[in-house]
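S.K.:
In the UniProt record's numbering, the protein residues as written are 1 to 487.
#1: Would you mind stating whether residue 309 and residue 397 have Cβ atoms separated by less than 8 Å?
#2: With H, G and I counted as helix, E and B as strand and the rest as coil, what does DSSP make of residue 456?
#3: Would you tell me roughly how many angstroms separate the C-alpha atoms of residue 72 and residue 160, rounded to the nearest one?
#4: As a quick exercise: from 248, 210, 253, pick the residue whose alpha carbon is nearest that of residue 236.
#5: Please classify residue 208: is it buried, with 16 or more other beta-carbons within 10 angstroms of its beta-carbon, or exposed?
#6: Looking at the strands, I want to know which residues DSSP matches up with residue 330.
#7: The beta strand (DSSP E) that contains residue 209, what's its start and end?
#8: My understanding is that residue 488 touches residue 467, with C-beta atoms under 8 Å, so please give their C-beta distance in whole angstroms.
#9: In three-state terms, what does DSSP make of residue 91?
#10: Compare the Cα-Cα distances from residue 245 to each of 200, 55, 293 and report the closest residue.
#11: Considering only C-alpha positions, which residue in the set 78, 115, 122, 99 is nearest to residue 91?
#12: Does the beta-carbon of residue 414 have 16 or more other beta-carbons within 10 angstroms, so that it is buried, or is it exposed?
#13: Are three or more beta carbon pairs between the segment 246-259 and the segment 165-175 nearer than 8 Å?
#14: When the Cα atoms are used, what is the spatial distance from residue 274 to residue 195?
#15: Got a sec? Which residues, its chain only, sit under 6 Å from residue 105 by beta carbon, not counting five neighbours each side?
#16: Would you call the CB atoms of residue 460 and residue 429 closer than 8 Å?
#17: Tell me, please, which residues DSSP counts as bridged to residue 99.
#18: Which of helix, strand or coil does DSSP assign to residue 414?
#19: Suppose the cutoff is 6 Å on Cβ atoms and the five residues either side in sequence are ignored; what does the same chain contact list for residue 279 look like?
#20: Within 10 angstroms of its Cβ, does residue 225 collect 16 or more other Cβ (buried), or is it exposed?
#21: Can you name the start and end residues of the alpha helix (DSSP H) that residue 62 belongs to?
#22: Return the first residue and the last residue of the beta strand (DSSP E) that residue 289 is part of.
#23: In whole angstroms, what separates the C-alpha of residue 190 from that of residue 276?
#24: Look at the alpha carbon of residue 146 and the alpha carbon of residue 370, and state the distance between them as a whole number of angstroms.
#25: Mapping the DSSP letters down to three states, classify residue 27 as helix, strand or coil.
#26: May I have a chain-ordered list of the alpha helix (DSSP H) segments no shorter than 4 residues that lie completely inside the segment 218-282?
#27: What is the DSSP secondary structure of residue 428, counted as helix, strand or coil?
Following this line, the structure appears as structure tokens:
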């Protein structure tokens with residue numbers, strides 16, 4: 001990461017070499033920036049991934065999913081309840097009814113419970129009547145059909161766990177898009193800087209030539225029309241340079257949108273910030289078919305869009321199991337061992353086990369079953385349709401991602417070939433300009449022709465820089481197409 005001083009109002013400048021001259025033979029790209037600190041692509045991506053609001057927002061997704069899992073697991077939290085009802089009227093006690101219970105849900109569908117009941121009084125409900133010592137109990141509530149293999153609580157946990165994979169995929173997808181756009185804007189900034197340097201050098205040459213020709217006109221060695229020709233060319237180049245200067249400033253402002261400090265305050269690139277050079281000939285690498293196939297295979301595993309579809313399928317699979325279980329009848333059994341007094345004594349109940357099993361127990365059985373099951377069958381069918389839709393989305397996304405990787409790889413190779421050809425064009429244009437300069441110095445050419453040669457050379461250089469920027473952007477596109485991200 002760049003030092004914090006780099007984003008201060010007046011960063012320290014340090015030289016980084018000189019821009020190569022327009023007229024140097026055989027040179028096909030500008031050298032390192034002339035002055036100021038170099039703000040590299042890695043520096044930008046470091047700021048983006050650590051401090052950009054979108055990146056920070058993306059990092060909230062896994063935390064949110066973690067809390068969803070925690071919320072779902074809360075359905076298995078033990079619960080303690082207690083309630084008391086009593087009535088006294090006219091000095092007469094009618095009833096005192098006290099019920100306390102601890103209920104512990106178990107993962108496998110059953111609930112373990114323990115409690116204490118006490119119901120006394122003249123008018124207490126006979127169903128709730130106990131001895132003055134009260135009645136303690138421990139028991140189980142077990143579903144035997146619906147809810148035995150899966151229920152709402154277990155389904156909620158499983159779906160929340162699948163949501164973690166979905167949240168991570170969404171985080172990486174958002175970060176991927178942000179990093180890709182930042183890389184594109186960075187290379188646009190670098191291209192505008194390169195164009196500005198070329199046009200500045202071009203305008204400087206025109207200014208030198210105009211001054212020289214004007215001097216020759218004063219001495220009578222050249223016609224006055226030549227000075228007008230040189231002045232017109234100078235003014236045209238200055239106008240073009242002015243437009244390039246505005247474009248570079250706008251590109252700098254656009255790149256500043258990605259810069260935020262640790263206090264979440266926006267920062268601006270200083271005027272002395274310079275981009276790293278565009279990729280040179282040593283960076284123009286070829287892509288082998290094996291590497292493209294490996295990238296396509298990697299994309300099948302890590303691409304966020306595919307991971308999101310797989311997470312959705314996992315959630316729908318849990319939902320399908322739950323809805324299929326809903327087709328079973330509701331059959332549950334409650335069995336409680338009872339003991340007079342409190343608390344419930346395991347030692348005492350062990351010694352009186354036979355008595356408890358014969359007489360001291362409370363048993364309940366419940367059964368319910370819809371006769372037509374229209375709601376349950378409709379929900380299950382809707383779930384199957386959603387699964388089919390998601391599977392089709394997964395197939396389509398898989399195909400598009402494979403095609404996307406291959407398309408970017410084709411662009412990569414095409415740009416590499418175009419760069420090699422444009423490099424030759426620049427060298428040829430340089431040779432023609434140099435030859436025209438010699439002819440002009442020998443009096444065999446005109447200002448118009450040498451201006452034309454220089455315009456051709458500048459145009460060729462600018463086109464080469466544009467191809468270099470596109471090549472750098474293609475590299476970022478290939479990483480994005482394969483689902484990768486700079487973390």
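C-beta atoms are modelled at their ideal positions from N, C-alpha and C, and glycine is treated no differently. Since this is a predicted model, take the numbers as computed values, not measurements.
M.R.: Walking through what the data contain:
#1: As a working mapping, residue 309 is identified with position 309 in the chain shown. As a working mapping, residue 397 is identified with position 397 in the chain shown. Against a cut-off of 8 Å, the Cβ pair of residue 397 and residue 309 comes out as a contact.
#2: In the chain shown, residue 456 corresponds to position 456, counting from 1. Residue 456: helix per DSSP, three-state reduction.
#3: By one-based count along the chain shown, residue 72 stands at place 72. By one-based count along the chain shown, residue 160 stands at place 160. If I take the Cα positions, the gap works out to 7 Å.
#4: Counted from its first residue, the chain shown places residue 236 at position 236. The shortest Cα separation from residue 236 among 248, 210, 253 belongs to 210.
#5: Counting from 1 along the chain shown, the entry for residue 208 is found at position 208. Its Cβ having fewer than 16 others within 10 Å, residue 208 is exposed.
#6: Here residue 330 corresponds to residue number 330 of the chain shown, with the count starting at 1. Paired residues: 368.
#7: In the chain shown, the residue the question calls residue 209 occupies position 209. Bounds of any beta strand (DSSP E) do not take in residue 209; it lies within the alpha helix (DSSP H) bounded by 152-219.
#8: Residue 488 is absent from the model: the chain starts at 1 and stops at 487.
#9: To locate residue 91, count along the chain shown from 1; it is residue 91. Here residue 91 sits in coil by DSSP.
#10: Reading the chain shown from its first residue, position 245 is the one you call residue 245. Comparing Cα positions, the closest option is 200.
#11: Translated into the one-based positions of the chain shown, residue 91 becomes position 91. Nearest of 78, 115, 122, 99 to residue 91, Cα basis: 122.
#12: Locating residue 414 in the chain shown gives position 414, counting from the first residue. Result: exposed.
#13: no
#14: Counting from 1 along the chain shown, the entry for residue 274 is found at position 274. Counting from 1 along the chain shown, the entry for residue 195 is found at position 195. Their backbone Cα atoms lie some 13 Å apart in a straight line.
#15: Sequence index remark: in the chain shown, residue 105 carries index 105 (1-based). Hits under 6 Å: 76, 111.
#16: Numbered from its first residue, the chain shown carries residue 460 at position 460. Numbered from its first residue, the chain shown carries residue 429 at position 429. Yes; because the gap between Cβ atoms is below 8 Å, this pair is in contact.
#17: Translated into positions along the chain shown, residue 99 becomes position 99. Answer by DSSP bridge pairing, in chain order: 83, 117.
#18: Start at 1 with the first residue of the chain shown, and residue 414 comes out as number 414. Residue 414 falls in the helix class under three-state DSSP.
#19: Looking up residue 279 in the chain shown gives position 279. Here the set comprises 468, 471, 472.
#20: Here residue 225 refers to the residue found at position 225 of the chain shown. By the 10 Å Cβ count, residue 225 comes out exposed.
#21: As a first step, residue 62 must be located in the chain shown, where it is residue number 62. From DSSP, the alpha helix (DSSP H) with residue 62 extends over 53-73.
#22: Here residue 289 refers to the residue found at position 289 of the chain shown. Taken as a continuous stretch (DSSP letters only), residue 289 belongs to no beta strand (DSSP E), being part of the alpha helix (DSSP H) at 289-302.
#23: Your numbering for residue 190 matches position 190 in the chain shown. Your numbering for residue 276 matches position 276 in the chain shown. Straight-line Cα distance between these residues: approximately 7 Å.
#24: Counting from one through the chain shown, the residue named residue 146 turns up at place 146. Counting from one through the chain shown, the residue named residue 370 turns up at place 370. Residue 146 and residue 370: Cα-Cα distance of roughly 12 Å.
#25: In the chain shown, counting from the first residue as 1, residue 27 sits at position 27. Interpretation of residue 27 is limited by its pLDDT of 33, a score under 50 that renders its predicted location unreliable; no figure is taken from the coordinates.
#26: 224-256
#27: Here residue 428 corresponds to residue number 428 of the chain shown, with the count starting at 1. Residue state, collapsed to three classes: helix.
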